[in-house]
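See structure below.
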Amino acid sequence: MRISNLNGKVLSDKTCEINNSQFTIGVEDLNNGLYIIMVKSGADIYYSKFVIVKD
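Take the position in the sequence shown, starting the count at 1, then add 505; the result is the number in my numbering.
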């Protein structure tokens, strides 16, 4: 699982078991903005965008 910003800078890159697992991503070190999560499973790669808005 990799988290990067829109410029492609990798902010977190971890290998972990996926089967029936839950993941908590700490965002306290990230600024407001749009980020991308990339998850690779075998030959498949999935991307998802998420937004951080802090008060």
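By construction, the Cβ of each residue, glycine as well, lies at the ideal position given by its N, Cα and C atoms.
Going by DSSP in three states, residue i sits in which element: helix, strand or coil?
{"i": "Lys559", "result": "coil"}
{"i": "Arg549", "result": "As written in the sequence, residue 549 is Asp, which differs from the Arg given in the question. Three-state DSSP puts Asp549 in a strand."}
{"i": "Gly538", "result": "strand"}
{"i": "Leu497", "result": "Lying outside 506 to 560, the shown extent of the chain, residue 497 is not represented and no answer is given."}
{"i": "Met506", "result": "coil"}
{"i": "Lys554", "result": "strand"}
Could you give the C-beta distance for residue i and residue j, rounded to a whole number, given that I count them as a contact under 8 Å?
{"i": "Asn510", "j": "Gly538", "result": "7 Å"}
{"i": "Lys554", "j": "Ile541", "result": "6 Å"}
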